[in-house]
Amino acid sequence: MLWQVIKPPESGLYWLNEVHQQFYTDLFAGNEFENCFDNRFKPVLAGSAKTQSYFRAVFDQYTQLDELEKTTFEAVYNNHITYQIFFSDSSLSISRLPDPDPDPDRLTTLWSAAKTLGGYLYSTTMGLACFTDAAGGTPSMDRHYKAYKELNGNVCCFCGTEEMMEERNVKSDDGEVQWRASYDHYLPKKHYPFLAVDFDNLIPCCQKCNEKAKGERDVLEQGSNRRLAFNPYVDPIGASVVANYDREGINNVMSVTIEGTGCSLEEKANTWNDTFAVLNRVNCRLKAFDASWLAPTLNGCADFVEARGAIQREISRCENSVKHEREAYFKALCFGEVVTKTDAQISDLLRTVDQIYAGRAISRG
């Protein structure tokens, strides 16, 4: 992430996560199925046959386990719901179910049922009228998304280059579709199904970050290796990125890299960049820095004094627009590097800008 984000403090949607986790608590306590839900949620089960059937599938699969299998599954659950502590301590292990050998076993079947339940609660149940009524008639993803944008702006906190995804078709595993805002499961529900409707794990982001870069990748593990990662709702400081603007041959080259701090912040930043592939995207964009960003900013400046003033104004403008304007974060960063150049170097940049516009005039001619 590039900056911390704020979760809307109140929403009836958060209740569904309480129901989901209380179900497992009561299941592990040995309650009958009907006693795994409070009375307030029972109209949802009555109003949504699929919601009830997916809860029932988990219940039935769990009750078929022997005591060792139950202990194993419960341990994974208890480990996963404490996920907040994993982001800043890579010495803590994340529990996984043992690989079935050689065929899918009862634990694997239960795990599949838990994933289906979590996915359906997120994709469908929370948008159903029966859930909205039971929760008080006010919760909706659209309202939550609007509240999120009011607190955080509309630019993706992971890349700073794109606006967050707007409403779209959200499809459940069994094909049901709802038109609504789509959030990223920061820890993917494929690997962490108990967090499927935990809004501390649901973060709006752009389509490139969510679908094209991250997908179902786990920020906490790469293969068998544990790693540190940012917690966007908790960590007050994001990735430390630095810009470099140097002469290479006859060209100026702008690029951005992760600052080598040698601390956990650098490790988290490396995880962030590995997951979302941000710097590669930005550096491709920066190949046109002089023509796309520098020239419009310095156009019309008579000398290095005016140019330096124009750069400072652009830095200030972008710093105030980071969460509302695409690429403003990186513009501020890059121009912050340019403004450190000597007067002679900035005068040189003015000549570069003149050449850029002269070339455009020739092209038009």
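Adding 13 to a residue's 1-based position in the sequence shown gives its number in the working numbering.
Virtual Cβ for every residue (Gly too), placed ideally from N, Cα, C.
To which residues does DSSP link Gln235 through a beta bridge? In the sequence shown, the residue the question calls residue 235 occupies position 222. The partner list for Gln235 (beta bridge, DSSP) reads Asn238.
Near Leu208, which residues of its chain fall below 8 Å by C-beta distance, leaving aside the five closest residues on each side in sequence? What you label residue 208 is simply residue 195 of the sequence shown in a count that begins at 1. Here the set comprises His93, Ile94, Tyr96, Gly131, His198, Leu200, Lys202 and Asn214.
Alpha helix (DSSP H) segment containing Val291, residue limits: For the purposes of this step, residue 291 is taken as the residue at position 278 of the sequence shown. Looking at the DSSP string, the run of the alpha helix (DSSP H) that includes Val291 is Val291 to Arg298.
Does DSSP put Ser329 in a helix, a strand or coil? Taking the first residue of the sequence shown as 1, we reach residue 329 at position 316. Reduced to three states, the DSSP call for Ser329 is helix.
Close-in-space but distant-in-sequence residues of the same chain around Leu105 (CB under 8 Å, 5 per side omitted): Counted from its first residue, the sequence shown places residue 105 at position 92. These residues qualify, in order along the chain: Ile98, Phe99 and Arg239.
Going by C-alpha to C-alpha distance, which of Met139, Tyr90 and Thr85 sits closest to Gly60? The count along the sequence shown starts at 1 and reaches residue 60 at position 47. Closest option to Gly60, Cα to Cα, is Met139.
Taking the alpha-carbon positions, what's the Phe54 to Asp39 distance? Start at 1 with the first residue of the sequence shown, and residue 54 comes out as number 41. Start at 1 with the first residue of the sequence shown, and residue 39 comes out as number 26. The C-alpha of Phe54 lies about 14 Å from the C-alpha of Asp39.
Between which two residues does the beta strand (DSSP E) containing Asn264 stretch? Here residue 264 refers to the residue found at position 251 when the sequence shown is read from its first residue. Taken as a continuous stretch (DSSP letters only), the beta strand (DSSP E) holding Asn264 covers Asn264 to Ile271.
So what does His198 bridge to, in DSSP terms? Taking the sequence shown and counting its residues from 1, one reaches residue 198 at position 185. DSSP lists Leu215 as the bridge partner or partners of His198.
Does DSSP put Glu279 in a helix, in a strand, or in coil? Counting from one through the sequence shown, the residue named residue 279 turns up at place 266. The DSSP-derived three-state label of Glu279 is helix.
Under 8 Å, do Thr151 and Glu340 count as touching if we go by C-beta distance? Here the question's residue 151 lines up with position 138 in the sequence shown. Here the question's residue 340 lines up with position 327 in the sequence shown. Glu340 is positioned such that its CB atom lies no closer than 8 Å to that of Thr151.
With DSSP as the reference, please indicate the residues paired to Asp259 in a beta bridge. Indexing the sequence shown from 1 puts residue 259 at position 246. DSSP, once it has assigned bridges, lists Val266 as partnering Asp259.
Under the three-state reduction of DSSP, which class applies to Ile375: helix, strand or coil? The residue given as residue 375 occupies position 362 in the sequence shown. Any reading at Ile375 must be qualified, since the residue scores a pLDDT of 46, below 50, and its modelled position is unreliable; the value itself is stated next. Three-state DSSP puts Ile375 in a helix.
Roughly how many angstroms separate the alpha carbons of Asp102 and Pro245, rounded to a whole number? The residue given as residue 102 occupies position 89 in the sequence shown. The residue given as residue 245 occupies position 232 in the sequence shown. Straight-line spacing of the CA atoms in Asp102 and Pro245 works out to 16 Å.
Since Thr145 is in the alpha helix (DSSP H), which residue starts that stretch and which ends it? Stepping through the sequence shown from its first residue, residue 145 is reached at position 132. Its alpha helix (DSSP H) spans residues Ala142 to Ala147.
Note down the Cα distance separating Phe33 from Gln65, rounded to an integer number of angstroms. By 1-based counting over the sequence shown, the position of residue 33 is 20. By 1-based counting over the sequence shown, the position of residue 65 is 52. Note that residue 33 is His in the sequence shown here, rather than Phe. Computed Cα separation, rounded: 12 Å.
Whose C-beta lies closer than 7 Å to the C-beta of Glu332 among residues of the same chain, with five residues either side of it excluded? Residue numbering aside, residue 332 sits at position 319 when the sequence shown is read from its first letter. Within the same chain, Glu332 has close Cβ partners Ala345.
Enclosing alpha helix (DSSP H) for Glu175 [first to last residue]: For the purposes of this step, residue 175 is taken as residue 162 along the sequence shown, with counting starting at 1. Looking at the DSSP string, Glu175 is not in any alpha helix (DSSP H), and its letter there is neither H nor E.
By the three-class DSSP mapping on this structure, what secondary structure does Arg156 have? For this step, residue 156 is matched to residue 143 along the sequence shown. The answer is helix: DSSP assigns Arg156 an H, G or I state.
How many angstroms separate the CA atom of Gly378 from the CA atom of Cys222? Along the sequence shown, read from residue 1 onward, the residue named residue 378 stands at position 365. Along the sequence shown, read from residue 1 onward, the residue named residue 222 stands at position 209. Because Gly378 carries a pLDDT of 40, less than 50, the predicted location of this residue cannot be relied on, and no value is offered for it.
I'd like the list of long-range same chain contacts for Ile375, defined as Cβ closer than 6 Å, with 5 residues on each side in sequence excluded. The residue given as residue 375 occupies position 362 in the sequence shown. In this prediction, Ile375 has a pLDDT of 46, which is less than 50 and means its spatial position is unreliable; what the coordinates show is noted afterwards. Cβ neighbours of Ile375 beyond the five flanking positions: none.
Phe36 versus Thr137, Tyr27 and Glu47, residue with shortest Cα-Cα distance: Looking up residue 36 in the sequence shown gives position 23. Considering only alpha carbons, the answer is Glu47.
When the distance is taken between beta carbons, is Met177 closer than 8 Å to Cys143? Residue numbering aside, residue 143 sits at position 130 when the sequence shown is read from its first letter. Residue numbering aside, residue 177 sits at position 164 when the sequence shown is read from its first letter. No, the Cβ-Cβ distance between Cys143 and Met177 is not below 8 Å.
CB of Ala127 within 8 Å of CB of Val71, strictly: In the sequence shown, residue 127 corresponds to position 114, counting from 1. In the sequence shown, residue 71 corresponds to position 58, counting from 1. In contact: Ala127 and Val71 (Cβ atoms closer than 8 Å).
Do you know how far the Cα of Thr84 is from the Cα of Asn296? The count along the sequence shown starts at 1 and reaches residue 296 at position 283. The count along the sequence shown starts at 1 and reaches residue 84 at position 71. So the alpha carbons of these two residues sit roughly 49 Å apart.
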